[in-house]
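Residue numbers (our numbering), protein chains in the order written: chain A, 40 to 179; chain B, 40 to 179; chain C, 40 to 179; chain D, 40 to 179.
Protein chains: 4
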Amino acid sequence: MKLKMTLGDLRAFMGREFPQVVDNFVIEDVGAREMTVRMAVSEKNLRPGGTVSGPSMFALADVSMYLAILALIGPKALAVTTNCSIDFMRKPAAGADMIAKARVLKLGRMLAVGDVLLYSVGQDEPVARAGLTYSIPPES
Amino acid sequence: MKLKMTLGDLRAFMGREFPQVVDNFVIEDVGAREMTVRMAVSEKNLRPGGTVSGPSMFALADVSMYLAILALIGPKALAVTTNCSIDFMRKPAAGADMIAKARVLKLGRMLAVGDVLLYSVGQDEPVARAGLTYSIPPES
Amino acid sequence: MKLKMTLGDLRAFMGREFPQVVDNFVIEDVGAREMTVRMAVSEKNLRPGGTVSGPSMFALADVSMYLAILALIGPKALAVTTNCSIDFMRKPAAGADMIAKARVLKLGRMLAVGDVLLYSVGQDEPVARAGLTYSIPPES
Amino acid sequence: MKLKMTLGDLRAFMGREFPQVVDNFVIEDVGAREMTVRMAVSEKNLRPGGTVSGPSMFALADVSMYLAILALIGPKALAVTTNCSIDFMRKPAAGADMIAKARVLKLGRMLAVGDVLLYSVGQDEPVARAGLTYSIPPES
C-alpha cells in the first residue's frame, strides 16, 4: 500500500491542524501501514505515584493510529475513532518518554482497523496494547 | 452492597488525592453500585471542530468507574485500570458539560468490572459507552 | 424508534434464515431498542467442569444484538458484526439456560452500537457483559 | 521466557482435556510466547452465505491464547478468559481452514494478556484480530 503522506507532510499537518499538541507528539517514523510516535512525558501526564496516566496513554495510542491512517489516505480525510479497546499491562516509567508503534491491519472504504503497542523508553516489554477502529467518511 | 464511602467522603478523597483534576470532575451522585460524575468541558478538552476530545471522554469514563469502585471498597485500596473498551457513538456538543453514569457489574476479590454511559448535558442519547476492568490489589 | 419487525416476524425470520440454530435461541421479548433471547444450554455448549463455554456465550450476545438491530431496520438488511468486546464476570450455572438482554444505543446509517448483559437463569447477577458494533450495508 | 510444555505436551493435553474439540483445533507450532493453531473449517462452522461464523472465530482466538499461556505456565493451571475484544475485518473464505497466530504480551501473577491475528488459509491479510485477557488462579 502506497503512502500518500511523507514524514514531512505528516509533521506539517500536525503543526497546522493540532498546534496545541504538536510539541507533545513527535512522529518518529512512518512506513507502509506502520507509524512510530513519541510522546514527551511531562508533569501534566503524570498521576499520583509518578506513573503516566491512562488518558495520556489513550491519547498516544489514538493519535498514532490516526496518523498511520492519514499516511495512507491523505490529509483531506476526517477520520473519527469509533472504538478503542486498550489493555494496560505494566506500569510505565515516570521519567521516561513513551513510544507508540501502530500498524494498520485493514483499510476499508468505511472503516480502518489497527493495533498499537505502547512502550516506555528504556523498557523492552510493552506497557499497553490497544485495538482501534476509525470511521472514514465518504469523499465529498 | 453497602457503600463504604459517602458522597462527602468521595469528594474529600478527590480533593486530597487528585488536587490537579478535582475542579474538572464533580461527583454528582453515588448509589449502591452507581456513580454520576460531571466533567466541566473547557477549552483544553476540545478538538479542532469544537468537539470534546477522545482522551477527555476516556478520562471521564475512567474516573467515574474508579470512584464507583472506591465507594464500594473504601479509600485505602489502589485500584488500577486493566482494560477499557470504549465506543464513540455521537459527536458531543462543544459548549456543554458531560455526564458519566457508571455502574459496577462485578466486584470480585481481584477484579472489578463495570460499564459507563457518557452524555452531553442537554442531549438525551449517550455519546459514548465503555466497559472497564479494574485490578484490585490484595489487602496488605 | 418504531419497530419494523414484531416478535412473530423475528421468529419466522430466524426459522427461515438460521434453521440450524433456531432451536437453540428463543426470542422471548422485543421492545423499542431492546431484545431478550434465551439460549437452551445443552451438552454441546459445555466446557470441562460443566460451565457454559465462552464461544457459546459470545454466540448468544452476538445473535441478540443482531436481532435487536434487525427489529429496527427490518429483515432485508445484512448487518455484520465488526467488533465485540466481552467481559466474562462469573461462572454460569451448568444446568441452566442463559438469557441475553440486549439494547441498541446507536443506530446510525453505517454503524449500530449496543450492549448486552448475559444471565444464567436463576441467578440475579449477570455472568457476562458485551459491547458490540455492527456494520449496516448501504441500501441497494 | 522458557516453555513449560512442548508441542507434544500441548497436543496430548488437548486430547486428554478437550476430546470433543481436539479434531477441530490442531496446534501447528509453539514458540516462546507464540502459538499457531489451525482450525479445520467444516459445515458446522459456517453461516448462511458460506462464511465462517463469528463464534467459530472467537473460539479459535480463545483456544490459541489459552494454549499459548499454558505453554508458559504448564498444564496444572486453570486459566479463565476474562475479556476478549475482537475485530472482524474481512470475510473469511468459506472452503478454507483458518490459522490463528497468538502472542503473549504479558504474563503476570494474576493476569495474562495477549493478542491474536486470524487468517484464512490462502489469504495474506488477516480476517480478524483480538486482544484477550486471562485470569490465572493462585497456585494451591
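Every residue, glycine too, gets a C-beta built ideally from N, C-alpha and C. None of the values given here were measured: they were computed from a predicted structure.
Endpoints, beta strand (DSSP E) assigned at residue i
| i | result |
| --- | --- |
| residue 136 of chain D | Premise fails: residue 136 of chain D is in no beta strand (DSSP E) and is neither H nor E. |
| residue 52 of chain A | Unbroken run through residue 52 of chain A is the alpha helix (DSSP H), 46-56; no beta strand (DSSP E). |
| residue 74 of chain D | 73-78 |
| residue 84 of chain A | Here residue 84 of chain A belongs to no beta strand (DSSP E), and DSSP marks it neither H nor E. |
| residue 117 of chain C | No beta strand (DSSP E) contains residue 117 of chain C, which DSSP labels as neither H nor E. |
| residue 168 of chain D | 167-174 |
| residue 152 of chain C | 150-159 |
| residue 68 of chain D | 64-70 |
N-terminal and C-terminal residue of the alpha helix (DSSP H) that residue i is part of
| i | result |
| --- | --- |
| residue 112 of chain C | 93-112 |
Whether residue i touches residue j by CB criterion (8 Å)
| i | j | result |
| --- | --- | --- |
| residue 143 of chain D | residue 134 of chain D | no |
| residue 128 of chain A | residue 168 of chain A | yes |
| residue 170 of chain C | residue 170 of chain B | yes |
| residue 175 of chain C | residue 151 of chain C | yes |
| residue 107 of chain B | residue 157 of chain B | no |
| residue 40 of chain A | residue 109 of chain A | no |
| residue 77 of chain D | residue 65 of chain D | yes |
| residue 45 of chain B | residue 126 of chain A | no |
CA-to-CA distance, residue j to residue i, given in whole angstroms
| i | j | result |
| --- | --- | --- |
| residue 161 of chain B | residue 81 of chain C | 47 Å |
| residue 55 of chain A | residue 48 of chain A | 11 Å |
| residue 51 of chain A | residue 124 of chain A | 29 Å |
| residue 67 of chain B | residue 119 of chain A | 30 Å |
| residue 145 of chain C | residue 113 of chain B | 35 Å |
| residue 104 of chain A | residue 172 of chain D | 22 Å |
| residue 96 of chain C | residue 63 of chain A | 42 Å |
| residue 131 of chain A | residue 137 of chain A | 8 Å |
| residue 166 of chain B | residue 90 of chain D | 33 Å |
| residue 11 of chain D | residue 149 of chain D | There is simply no residue 11 of chain D to check, as chain D begins at 40 and stops at 179 in what is shown. |
| residue 58 of chain A | residue 84 of chain B | 14 Å |
| residue 155 of chain C | residue 94 of chain C | 15 Å |
| residue 79 of chain A | residue 117 of chain B | 26 Å |
| residue 139 of chain D | residue 42 of chain A | 28 Å |
| residue 159 of chain C | residue 92 of chain D | 24 Å |
| residue 164 of chain C | residue 60 of chain B | 34 Å |
| residue 28 of chain D | residue 102 of chain C | Because residue 28 of chain D is not part of the residues shown, which for chain D are 40 to 179, the question remains open. |
| residue 98 of chain D | residue 177 of chain C | 30 Å |
| residue 53 of chain A | residue 86 of chain A | 26 Å |
Residues that residue i contacts on chain B, provided the C-beta gap is smaller than 9 Å
| i | result |
| --- | --- |
| residue 122 of chain A | 124, 125, 126 and 127 |
Residues that residue i contacts on chain C, provided the C-beta gap is smaller than 9 Å
| i | result |
| --- | --- |
| residue 99 of chain B | Correct list: empty, because the minimum Cβ distance to chain C is about 17 Å. |
Beta-carbon neighbours of residue i, restricted to chain D and to distances below 9 Å
| i | result |
| --- | --- |
| residue 150 of chain B | 121, 149, 150 and 174 |
| residue 170 of chain A | 124, 125, 126, 154, 168, 169 and 170 |
Contacts of residue i in chain D (Cβ-Cβ under 7 Å)
| i | result |
| --- | --- |
| residue 245 of chain A | As shown, chain A starts at 40 and ends at 179. That puts residue 245 of chain A outside it, with no answer to give. |
Chain B residues whose Cβ lies nearer than 8 Å to that of residue i
| i | result |
| --- | --- |
| residue 94 of chain A | 94, 95, 97, 98 and 101 |
The ligand MN heavy atom lying under 7 Å from the CB of residue i
| i | result |
| --- | --- |
| residue 119 of chain C | Although the ligand MN was asked about, the structure shown includes no ligands whatsoever. |
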